[in-house]
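J.: Protein sequence lines, in the order shown, are assigned to chains A and B. First residue of the first sequence: 744, per my numbering; consecutive thereafter. First residue of the second sequence: 744, per my numbering; consecutive thereafter. Quick one: structure below, then a few questions.
Number of protein chains: 2
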Amino acid sequence: MAELSRATGVSVPMIKYYLREGLLPGGERTSPNQARYGQEHVRRIQLVRAMADYAGLSIADIRTLLEHLDNPGRGLHDQLGAAQKAVTPRREPGEGEQWETAARQAGELIARHGWVQNPDSPAMRTVTGVLLTFAGLGYDGVLARLDEYAEAAARIAEADLAAVAERPDPEKMVELVVVGTSLGDALIASLRRIAQSNASARLFLDAPGEGGGSDGS
Amino acid sequence: MAELSRATGVSVPMIKYYLREGLLPGGERTSPNQARYGQEHVRRIQLVRAMADYAGLSIADIRTLLEHLDNPGRGLHDQLGAAQKAVTPRREPGEGEQWETAARQAGELIARHGWVQNPDSPAMRTVTGVLLTFAGLGYDGVLARLDEYAEAAARIAEADLAAVAERPDPEKMVELVVVGTSLGDALIASLRRIAQSNASARLFLDAPGEGGGSDGS
Chain A
744 MAELSRATGV SVPMIKYYLR EGLLPGGERT SPNQARYGQE HVRRIQLVRA MADYAGLSIA
804 DIRTLLEHLD NPGRGLHDQL GAAQKAVTPR REPGEGEQWE TAARQAGELI ARHGWVQNPD
864 SPAMRTVTGV LLTFAGLGYD GVLARLDEYA EAAARIAEAD LAAVAERPDP EKMVELVVVG
924 TSLGDALIAS LRRIAQSNAS ARLFLDAPGE GGGSDGS
Chain B
744 MAELSRATGV SVPMIKYYLR EGLLPGGERT SPNQARYGQE HVRRIQLVRA MADYAGLSIA
804 DIRTLLEHLD NPGRGLHDQL GAAQKAVTPR REPGEGEQWE TAARQAGELI ARHGWVQNPD
864 SPAMRTVTGV LLTFAGLGYD GVLARLDEYA EAAARIAEAD LAAVAERPDP EKMVELVVVG
924 TSLGDALIAS LRRIAQSNAS ARLFLDAPGE GGGSDGS
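As structure tokens, this is what we get:
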């Protein structure tokens, strides 16, 4: 177990915690207080850390996801859908006239991009809730640019799926959807902030070099 | 207060909680147990809800952000940077040879897109950590597509800043960076999932209509 800790950078108490929580299968017992761990243990620990650190998932959510990865089944598209569902926050639907208006706008937005989606899916509820909030706060400039966000999302999804389709091993495709989607959100959010600070420097720093704020520290 | 609850859809106990936590200024007292609340209270409640529901921020983080919005100062670029920092998760740096390799790759990635960023910024640490994780898990297909993610992020940031630059009121620009960045992450993540499920249906459902999974429920 000390070796497993060295190989993964995860502390021994944390590895014991993962074992207790059922996130990591036990090693092969070689003596009453020794067990042999293999490469699959190293990889599993990396997966757990990725989902805890970057996707911000709870131990319970991670356990559900790992069970799903260990027991797939069904066609690939359905598997990918179930995997995606697991990394999409659930949302309650709203109500009232303003919610209906925002839901219609969300439906029109995705239709313009040739997409089909159940209006009650968590993703559509989130889009609806965000549009409703932007409208309530008077962010007309953002609402006017929804198609640019959708085109960027389309481009990201094409890259995601191309990477998935390339994998020679179908069971790793599902893993890639789970991990790639969660970590991809963090990656894109960070690249967006880096791009924002550079665009802000270009737009709002009149004199080049003023304040040196463009390093985005 | 009952009226304020109706106008915002937020319950009276929750409004009282916001008042106690200092997220909402008190109303103008009109009698010992009556107070008048105005449009600025409605808007403030919408802001708090947006940050709690979609950005997943804690009450303490929201208080810090609101204080920042109420007391800006400095040049616009610096204000935007401070606002952005508040909506960027903090990350500890890693160490070791693999971390250094990932940090170099992150630096090369942003340089290819013409961006400058302090390698110790939270956003750069996140990019580095994600690249390190992808490499550890053997996701070569994703690593091969980093430039596509960066280009999508560039496009998103251009739309963000264009919306910000359009605002006639500088104090609302900073608010828009805070709220637009947090809610924009949720919007983009959701649009990405909708686009993914549609791309998945196209790629992996051989027979059109098979399973009907493309509605992404």
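No residue lacks a Cβ here, since even glycine has one placed at the ideal position from N, Cα and C.
Give me the subset of the stretch 813 to 834 of chain A whose CB atoms are less than 7 angstroms from a CB atom of chain B, sorted by chain position.
T.: Listed by position, the residues of the stretch 813 to 834 of chain A near chain B (Cβ gap below 7 angstroms) are 818, 819, 820, 821, 823, 824, 827, 831.
J.: What would DSSP say about residue 827 of chain A, mapped onto helix, strand or coil?
T.: DSSP places residue 827 of chain A in helix when its eight states are reduced to three.
J.: Just list the beta strand (DSSP E) runs in the stretch 767 to 849 of chain A, keeping only unbroken ones of 3 residues or longer that don't cross its boundaries, in chain order.
T.: Runs of the beta strand (DSSP E) inside the stretch 767 to 849 of chain A: 771 to 774, 777 to 779.
J.: Chain B beta carbons: is any one of them nearer than 8 angstroms to that of residue 846 of chain A?
T.: No, no contact with chain B.
J.: May I ask which residues mark the beginning and end of the alpha helix (DSSP H) holding residue 879 of chain A?
T.: Residues 865 to 880.
J.: Under 8 angstroms, do residue 880 of chain A and residue 845 of chain A count as touching if we go by C-beta distance?
T.: Cβ distance not < 8 angstroms, so residue 880 of chain A and residue 845 of chain A don't count as in contact.
J.: Leaving out the 5 sequence neighbours to the left and right, which residues in its chain are closer than 8 angstroms to residue 860 of chain A when beta-carbon positions are compared?
T.: The answer, listed in chain order, is 853, 866, 867.
J.: Please tell me whether residue 782 of chain A has its Cβ less than 8 angstroms away from any Cβ of chain B.
T.: No - not a single Cβ of chain B is within 8 angstroms of the one on residue 782 of chain A.
J.: Give the single residue among B/789, B/802, B/777, B/781 whose Cα lies nearest to the Cα of residue 760 of chain B.
T.: Residue 760 of chain B has its Cα closest to that of B/802, out of B/789, B/802, B/777, B/781.
J.: Assuming residue 922 of chain A contacts residue 790 of chain A (C-beta within less than 8 angstroms), just tell me the rounded distance between them.
T.: With a Cβ gap of about 7 angstroms, residue 922 of chain A and residue 790 of chain A count as contacting.
J.: At 4 residues or longer, and completely inside the stretch 875 to 942 of chain B: list those alpha helix (DSSP H) runs for me, N to C.
T.: List check, alpha helix (DSSP H) in window: 883 to 886, 889 to 909.
J.: To the nearest whole angstrom, what separates the beta carbons of residue 806 of chain A and residue 839 of chain A, a pair I think is in contact under 8 angstroms?
T.: Going by Cβ atoms, the distance from residue 806 of chain A to residue 839 of chain A rounds to 37 angstroms, so no, they are not a contact pair.
J.: Quick one, which residues of the stretch 863 to 882 of chain A are near chain B if we go by CB-CB under 9 angstroms, in chain order?
T.: Listed in sequence order: 863, 864, 865, 866, 867, 868, 869, 870, 872, 873, 874, 876, 877, 879, 880, 881, 882.
J.: Does the distance from the CB of residue 808 of chain B to the CB of residue 913 of chain B come in under 8 angstroms?
T.: Their beta carbons are not under 8 angstroms apart, which means residue 808 of chain B does not touch residue 913 of chain B by this criterion.
J.: Please return the same chain residues whose Cβ sits closer than 7 angstroms to the Cβ of residue 955 of chain A, not counting the five positions on each side in sequence.
T.: A caution first: residue 955 of chain A carries a pLDDT of 42, below 50, which makes its placement in the model unreliable, though a value can still be read off. Counting only Cβ-Cβ distances below 7 angstroms, and skipping sequence neighbours, we find nothing.
J.: Who are the near neighbours of residue 835 of chain B in its chain, counting only those whose CB is closer than 8 angstroms to its CB and skipping five residues on each side?
T.: Cβ neighbours of residue 835 of chain B beyond the five flanking positions: 868.
J.: For the pair the stretch 884 to 900 of chain A and the stretch 880 to 900 of chain B, tell me if three or more CB-CB distances fall below 8 angstroms.
T.: Verdict: yes, contact present.
J.: Determine contact between the stretch 778 to 787 of chain A and the stretch 744 to 756 of chain A, defined as no fewer than three beta-carbon pairs at a distance below 8 angstroms.
T.: The stretch 778 to 787 of chain A, when compared against the stretch 744 to 756 of chain A, does touch it at the 8 angstroms Cβ threshold.
J.: Could you tell me the distance, in whole angstroms, from the CA atom of residue 940 of chain B to the CA atom of residue 769 of chain A?
T.: Approximately 35 angstroms between the Cα atoms of the pair.
J.: Any Cβ of chain B within less than 8 angstroms of the Cβ of residue 904 of chain A?
T.: By this cut-off, residue 904 of chain A is an interface position.
J.: Suppose contacts are defined by Cβ-Cβ distances below 8 angstroms. Is residue 947 of chain B in contact with residue 926 of chain A by that definition?
T.: No; because the gap between Cβ atoms is not below 8 angstroms, this pair is not in contact.
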